[in-house]
Structures are given as structure tokens and as C-alpha cells.
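Student: If you scroll down you'll find the structure; I have some questions about it.
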Amino acid sequence: MTDRPVDDAVATSDEPDAPPHGDPCADDAVAASDRIELRDLRVTCVIGALAHERTAPQPLSIDVDLHADLSPAGTTDDLNLTIDYGAACDRIVALCDEAQPQLLERLAELIAAELCGIDGVTAATVTVAKLRPPVAADLGTSGVRITRRPA
Numbered sequence: 104m105t106d107r108p109v110d111d112a113v114a115t116s117d118e119p120d121a122p123p124h125g126d127p128c129a130d131d132a133v134a135a136s137d138r139i140e141l142r143d144l145r146v147t148c149v150i151g152a153l154a155h156e157r158t159a160p161q162p163l164s165i166d167v168d169l170h171a172d173l174s175p176a177g178t179t180d181d182l183n184l185t186i187d188y189g190a191a192c193d194r195i196v197a198l199c200d201e202a203q204p205q206l207l208e209r210l211a212e213l214i215a216a217e218l219c220g221i222d223g224v225t226a227a228t229v230t231v232a233k234l235r236p237p238v239a240a241d242l243g244t245s246g247v248r249i250t251r252r253p254a
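Using our numbering, the first residue of the sequence shown is number 104, and each one after it goes up by one.
Quick look at the structure:
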């Protein structure tokens with residue numbers, strides 16, 4: 104190790120992928136928390152700003168991270184001490200059936216608000232992707248990702 108001073112703006116860490124100090128986009132509390140991961144929940148939803156998008160439901164893929172303290176369930180093996188991810192999926196599907204937003208951003212906000220209402224959830228990260236985006240380019244998906252905390 105050298106004796107040269109370390110500039111705080113580019114401080115290093117012993118952890119290989121640690122963000123630099125002062126990174127305004129880093130959310131260490133959420134990044135380091137326990138989470139239940141739900142991946143590729145397939146739903147259909149009337150969504151979009153274009154007229155032809157409003158005529159029929161479109162296929163979406165939804166990913167969710169439910170941040171919560173999972174240690175009580177992990178140490179006791181008690182199902183009552185964790186988040187019911189089946190019920191969370193049911194809530195997302197019901198919301199997608201009812202909501203008819205124009206924007207993916209709006210649907211993500213609605214889902215995050217619903218999930219943040221679940222007891223024990225400290226944050227919800229929601230990714231919503233259109234599986235057939237209405238663009239001329241050969242684009243596989245278009246989507247948004249947000250992280251919200253209970254109010």
C-alpha cells in the first residue's frame with residue numbers, strides 16, 4: 104500500500120463493486136437490504152399513449168424486489184414471518200386488470216404504491232417492460248424501473 108493521500112471524490116473501497124463515496128444515485132440502505140425477488144411476471148394491460156395501444160391489452164413483463172427484513176423468517180422457518188409473494192403477485196395482476204394508464208411510469212408507480220402497503224415492506228423496486236414496444240426499430244423491450252418506500 105502506498106502512502107499517497109486518497110481523494111475523497113474518488114475514494115476506494117475494499118469491496119470490488121462498491122459505489123464511490125458521494126454517489127447521489129447509490130442507495131446503500133436499499134442495495135444492502137434483504138429482498139424477495141419476483142421475476143418475469145407476465146400480465147396483459149391496456150397501456151399506452153397511442154390510439155392503437157388503447158384498443159386491446161398488451162403483454163408486459165414485471166420484475167419486483169420487495170425489500171424487507173427476512174431474518175425472522177430465515178432464523179425460525181416460520182411462513183408467517185415473511186412476505187406472501189403469491190399474494191403480492193395477485194395484487195399486481197389485479198391492478199394491471201383494472202388500471203389503464205398511458206405510461207409505463209404510471210403503472211410502475213401504482214404497483215410500487217400497492218406493494219409498499221404490504222406490512223413489512225421497507226421499499227419496492229418495480230420494473231415494467233413492454234414485450235412488444237410500438238416502435239419501428241427492432242427493439243426487444245422498453246421499460247422503466249423505479250424504487251419507492253412506504254410513506
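Ideal Cβ positions, reconstructed from N, Cα and C, are used throughout, including at glycine. All values derive from a computational prediction rather than experimental measurement.
1. What number of angstroms, rounded off, separates the C-alpha of Ala232 from the C-alpha of Asp181?
2. Per DSSP, Ala232 forms a beta bridge with which residues?
3. Compare the beta carbon distance of Ala171 and Ile195 with 7 Å and say whether it is the shorter of the two.
4. When you compare only the Cα positions, how much space is there between Ala216 and Ser174?
5. Could I get the ranges of all uninterrupted alpha helix (DSSP H) runs contained in the region 178-216, with 4 residues as the minimum, in chain order?
6. May I ask you to report which of helix, strand or coil DSSP gives Arg142?
7. Judging by CA-CA distance, which residue of Arg157, Glu208, Arg142, Leu169 is the nearest neighbour of Ile221?
8. Quick check on the burial criterion: 16 or more other C-beta atoms within 10 angstroms. Buried or exposed for Arg142?
9. Residues bridged to Arg308 by DSSP?
10. Report, in whole angstroms, the separation of the C-beta atoms of Ile249 and Ala211, which I expect to be a contact under 8 Å.
11. So does Pro236 have its beta carbon nearer than 6 Å to some heavy atom of the ligand NAD?
12. So, is Val238 buried or exposed, given that buried needs 16 or more other C-beta atoms within 10 angstroms?
13. Could you check whether Thr230 and Gly246 sit closer than 7 Å to each other, using their CB atoms as the reference points?
14. What are the residues that DSSP puts in a beta bridge with Thr147?
15. Relative to the alpha-carbon of Tyr188, which residue among Cys219, Cys148, Glu208 has its alpha-carbon at the smallest distance?
16. Nearest CA to the CA of Thr158: which residue from Val224, Pro204, Ala240?
Tutor: Checking against the coordinates, here is how it stands:
1. Rounded to whole angstroms, Ala232 to Asp181 spans 34 Å at the Cα level.
2. Secondary-structure assignment with DSSP links Ala232 through a beta bridge to Ser164, Gly246.
3. The answer is no: Cβ separation not under 7 Å.
4. Approximately 24 Å between the Cα atoms of the pair.
5. Entirely contained in the region 178-216, the alpha helix (DSSP H) runs reaching 4 residues are, in chain order, 188-201.
6. The answer is strand: DSSP assigns Arg142 an E or B state.
7. Per the Cα distances, Leu169.
8. By the 10 Å Cβ count, Arg142 comes out exposed.
9. No statement about residue 308 is possible, as the shown extent of the chain runs from 104 to 254 and does not include it.
10. The Cβ separation is near 5 Å, so the contact holds.
11. Absence of the ligand NAD is noted for the structure shown, with no ligands found whatsoever.
12. Exposed: under 16 other Cβ atoms inside 10 Å.
13. Closer than 7 Å, so yes.
14. Answer is Pro162.
15. Tyr188 has its Cα closest to that of Cys219, out of Cys219, Cys148, Glu208.
16. Ranking Val224, Pro204, Ala240 by Cα distance to Thr158 puts Pro204 first.
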